[in-house]
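Numbering-wise, my numbering puts 111 at position 6 of the sequence shown, and it's gapless, one number per residue.
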Amino acid sequence: MGRLRKSSRGVSEEAESGQDTTGKRYRSMSEMWRQELHEVGSDEPGWYDKSRAYWDGVDATVDGMLGGLEHLSPRDVVGSTRFLEGLGDPPLE
106 MGRLRKSSRG VSEEAESGQD TTGKRYRSMS EMWRQELHEV GSDEPGWYDK
156 SRAYWDGVDA TVDGMLGGLE HLSPRDVVGS TRFLEGLGDP PLE
């Protein structure tokens, strides 16, 4: 767990460096978000750029949106139903 510090906006942020799942290193969480949201002058596309490029290549159909999983087997439906029933009712506000 890293140390927290106040940023210039008064928001606590992680002071320690870290890395993402690809091994790319960052000095702080703020730096990571700036780079990944493509706010830093970089030729590399950020997360949203990559996401937009992916979805631009997907058919606007149920099958396209579900990645080829338009139909579920009865066994999947039974398993999902049991899982959801096991969660119980949501709390009332």
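Where is the CB? At the ideal position from N, CA and C, for every residue including glycine. Predicted model, so just to flag it, every value in this text is computed and none were measured.
- A distance below 8 Å separates the beta carbons of GLY151 and LEU142.
- The C-beta distance from GLU175 to ASP168 rounds to 4 Å, short enough to fall under 8 Å.
- As DSSP reads the structure, TYR159 sits in no beta bridge.
- Per DSSP, the beta-bridge partners of GLN124 are ARG130.
- Taking the CA atoms as reference points, MET134 sits about 36 Å from GLY193.
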